[in-house]
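If you read the sequences in order, they're chains Y and U.
Each residue of the first sequence is one higher than the one before, starting from 11 at the first, in this note's numbering.
Each residue of the second sequence is one higher than the one before, starting from 11 at the first, in this note's numbering.
Protein chains: 2
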Amino acid sequence: MIQLDATHDPARRSWVGSANDPATDFPIQNLPYCMFSSGAEPARAGVAIGDGILDLEGALEAGLLAPSYASAIAGCRGTGLNALARLDRGALRALRLRLSELLRVEDDATGPHRDRLIVSARQAVLQLPMKIGGFTDFFASLHHTERGGRRTRPDNPVPANYRYVPIAYNSRASSVRVSGAAIRRPNGQWRRATGDVHFGPTEALDFELELGAFVGHSSVLGDPVPIDRAPDHIFGYCLLNDWSARDIQRWESVPLGPFLAKTLSTTVSPFVVTADALAPYRIAAAARPAGDPAPLPYLHAEADQRDGGLDLLLKASIQTEAMRTAGAPPHCVTTTNFKHMYWTVAQMIAHHTSNGCNIETGDLIGSGTTSGPTDESRACLAEITDGERPIALPNGESRTWLVDGDSVLFTGRAERPGFVPIGFGRCEGRILPAHA
Amino acid sequence: MIQLDATHDPARRSWVGSANDPATDFPIQNLPYCMFSSGAEPARAGVAIGDGILDLEGALEAGLLAPSYASAIAGCRGTGLNALARLDRGALRALRLRLSELLRVEDDATGPHRDRLIVSARQAVLQLPMKIGGFTDFFASLHHTERGGRRTRPDNPVPANYRYVPIAYNSRASSVRVSGAAIRRPNGQWRRATGDVHFGPTEALDFELELGAFVGHSSVLGDPVPIDRAPDHIFGYCLLNDWSARDIQRWESVPLGPFLAKTLSTTVSPFVVTADALAPYRIAAAARPAGDPAPLPYLHAEADQRDGGLDLLLKASIQTEAMRTAGAPPHCVTTTNFKHMYWTVAQMIAHHTSNGCNIETGDLIGSGTTSGPTDESRACLAEITDGERPIALPNGESRTWLVDGDSVLFTGRAERPGFVPIGFGRCEGRILPAHA
């Protein structure tokens, strides 16, 4: 499964100078895809490199990419990366190799074209990277489940099914937006402590720090995807903020699960970090706590147990309106790692399709809140504050839940000795006041 | 809201003879849209009339429809009725008037074209009528909720939120199929009475008799649709079978609601009966039981209370393999009426968007199981048999849950004295054995 090649070589450097900055998320070893537009024209497919974006249409026109990629690249125009994501893994790996060759210092094919090929990311508008059909959100952190359950089900915080079922619910695709889009505080109803049922702006707006996976190859209705084939269906990964209104959620979720508490909007980062780029950061699936049952056979594959995990550092920060005005940077409130997940992404795909349900190119699979075992790795406010113990911010402000004007920023980074670190870019949204 | 016009005139008859048969679902007063193909070419938009389908592209080419409809009709080709559904209500009403004029006995414009205009429904392949973005399933029958709750929550069968919240969950759009598509029995996991967790073919496969509504006009993210504008967003209605695996459902649904129990597949009828066609059958919203709270203000509009209900007779029938072999007709197991719903479709739309979540053209809104107060109106097997009291079929067979080879047929009919009855066509699916 894990295939390292010249694209992961830490010695490789790019003629795009900013890509060689150790702090960049987008060195030549990353090469994530995105959809961008630099004016009024429809968005087109690009590849992030340092502070720039390589224009794939431009590279094709300059004769730098094989004509066999032409229809996939053209097919992205004005929609999303879906046409690229449909390419088979071999073609995608070959494209990555070619892009890495074109962008490395030693390249001499791009010479006369370099100015036209690279668009400054600052001048580009980044769009939703994929046209999303279905959005499924999992619940893959046992730590998140346990902390949430301690309040609502103190005697039995982890549901009996949790260690057998990679629990998920269908979420809402229409309201997924790319990083930077504002989040309108939702109105909704809930029962107050006084007993009356109230409708108004949520008083418990939260973030959930998640990893998102985009489906590349579709599957066929009626035919489950076996777990050892599941990785073939993943195009790549993004950061995902599953904004949640806790008061609405508590009231509406019996018996069919969360609905309006989650559908208000969901934010994703604009870059799809490919499965190939993440190959060096694959690790063993997290060890299950002693006494837990082994995964059922349809959720178990040796290769997945061996390298189905991902070592990804994930952070969430808050910047209030006052902090922004004062020029204070976002304050980090969560540092966690995707390696703590109870279920791997392959297990999620195998479970999702185990009943024959088909997945489609562009589907978004959320991991659920990526909380780890330590206090600093609690990946939503519900876990951090429990609605009662506010976070103290450096400027003297405090937060139990999000306040209008707050922005929440997620970042993600993959690091491993002997490799150049790669990142996910920014996943950010600012809260607007509710409609009256 | 309710606007009756010449298209509803019971005296109107069609030159398509089969449309004048009192038993047809598709008299000239109905004119539902569909997507059909009559060969290898992509599906195109049509209108059901008796045993035929009026080819909208053909009518346009023959100069029988205004050129202003050309792009909407062409836009449906190979996809779904979405481009037609995006037309504003005035344009749709004018199109309906024109189609009714063209198809009535007195018409003389169609004369030379009639043979080419009408395709025999028997020779056409009907497709999924809309390209579906989101599929949301409500839970709008208090009777269904109460009967289900009696088993799982005997002390408190109706959740505390039910009379305030039009409860819904996001369901799965990718696996929605048109009537006639086979249903593969899903595999899944659940905990047996013995305590062990089992993975295998569901042993409790059920149907749910629902009404589906297709969204016409999209709304904007962040902006709720007020209840008095909600009807403007409904293009039309279909029948919907929300196939459900009860064993999987019971095990997986805590705490995030049903997932694989519902995503195996969903069947819809191929015809979209428009809101205009159903105008004569609008009635007052169902009276709430004494003591129930009034709908919260965002769920209350006088017009909706006055005529937001729909008087639609809905039936579910089962035909086993043995019945089919013997030439026995499907056996009716449910007769219910949409007028029993606790929540109106406008209330569903207002609630769905109350947090700012946007709805989009082609979204499918399911009503939830349409059970009524009487035993004969229990609209799924879970209610009828409770998993324990099998239904006796006329040939001596019995059913607690569905068996491989069974087919389930839904029909729907709107009747009112002084009007010609209209129907929904067939919504049917047959169960295939599970994959080993």
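Think of the CB as a built atom: it goes at the ideal place given N, C-alpha and C, for glycine as much as any other residue.
Model, not experiment: these values are computed from the prediction.
Could you give the first and the last residue of the continuous alpha helix (DSSP H) run that contains residue i?
i, result
"Asp140/Y", "This sequence places Met at residue 140/Y; Asp is not what is there. From DSSP, Met140/Y is part of no alpha helix (DSSP H); its letter is neither H nor E."
"Thr155/U", "Leu152 to Thr162"
For residue i, would you say it is in contact with chain Y, using Cβ-to-Cβ distances shorter than 8 Å as the test?
i, result
"Gln315/U", "no"
"Phe348/U", "no"
"Glu213/U", "no"
"Trp411/U", "no"
"Arg99/U", "no"
"Ser417/U", "no"
"Trp261/U", "yes"
"Glu370/U", "yes"
"Arg334/U", "no"
"Arg194/U", "yes"
"Val264/U", "yes"
"Asn251/U", "no"
Could you please give me the residues that DSSP links to residue i through a beta bridge?
i, result
"Ser364/Y", "Looking at the DSSP assignment, Ser364/Y forms no beta bridge with any residue, so it has no partner."
"Met45/Y", "Ala55/Y and Gln137/Y"
"Thr344/U", "Ala326/U"
"Val115/Y", "Answer by DSSP bridge pairing: none, since Val115/Y is not bridged."
"Ile128/U", "Leu64/U"
"Asn180/Y", "Thr146/Y"
"Arg194/U", "Leu442/U"
"Ile24/U", "Reading off the sequence, residue 24/U comes out as Ser, not Ile. Answer is Arg114/U."
Could you spell out where the beta strand (DSSP E) holding residue i opens and where it closes?
i, result
"Ile375/Y", "Leu374 to Gly376"
"Arg187/U", "Val186 to Val188"
Consider the Cβ of residue i: report whether some Cβ of chain U lies at a distance smaller than 8 Å.
i, result
"Val168/Y", "no"
"Leu41/Y", "no"
"Asn30/Y", "no"
"Asn365/Y", "yes"
In chain order, which continuous runs of the beta strand (DSSP E) of length 3 or greater are located wholly inside the segment 196 to 235 of chain Y?
197 to 201, 207 to 211 and 219 to 225
At a CB distance below 8 Å, what residues from the segment 175 to 190 of chain U approach chain Y? Give them in sequence order.
Val175, Ile177, Ala178, Tyr179, Asn180, Ser181, Arg182, Ala183, Ser184, Ser185 and Arg187
With a floor of 3 residues, list each beta strand (DSSP E) that falls wholly inside the segment 302 to 342 of chain Y, ordered by position along the chain.
323 to 329
Which parts of the segment 74 to 102 of chain U are runs of the beta strand (DSSP E), unbroken and 3 residues or longer, counting only runs that do not cross its ends?
none
Chain Y contacts from the segment 266 to 278 of chain U (Cβ-Cβ distance under 9 Å)
Leu266, Gly267, Pro268, Phe269, Leu270, Ala271, Lys272, Thr273, Leu274 and Ser275
Against chain U: residues of the segment 429 to 445 of chain Y by CB proximity under 9 Å:
Leu442, Ala444 and His445
Quick one: complete alpha helix (DSSP H) runs, 4+ long, within the segment 370 to 441 of chain Y?
391 to 395
Going along the chain, which residues of the segment 67 to 86 of chain Y sit with their C-beta nearer than 8 Å to a C-beta in chain U?
none
Can you list the alpha helix (DSSP H) stretches of 4 or more residues lying completely in the segment 244 to 293 of chain Y, in chain order?
256 to 262 and 270 to 273
Selection of the segment 300 to 312 of chain Y by Cβ proximity to chain U, strictly under 8 Å
Pro303, Leu306, Pro307 and Tyr308
By the 9 Å beta-carbon criterion, what residues does the segment 384 to 409 of chain Y contribute toward chain U?
none
Cβ-based contacts, 8 Å cut-off: residues of the segment 196 to 209 of chain U near chain Y:
Pro196, Asn197, Gly198, Gln199, Arg201, Val207 and Phe209
Cβ-based contacts, 7 Å cut-off: residues of the segment 89 to 117 of chain U near chain Y:
none
Where the segment 230 to 248 of chain Y meets chain U: residues whose CB sits under 8 Å from a CB there:
Leu231, Gly232, Asp233 and Pro234
Give me the subset of the segment 138 to 155 of chain U whose CB atoms are less than 7 Å from a CB atom of chain Y, sorted by chain position.
Gly143, Gly144 and Phe149
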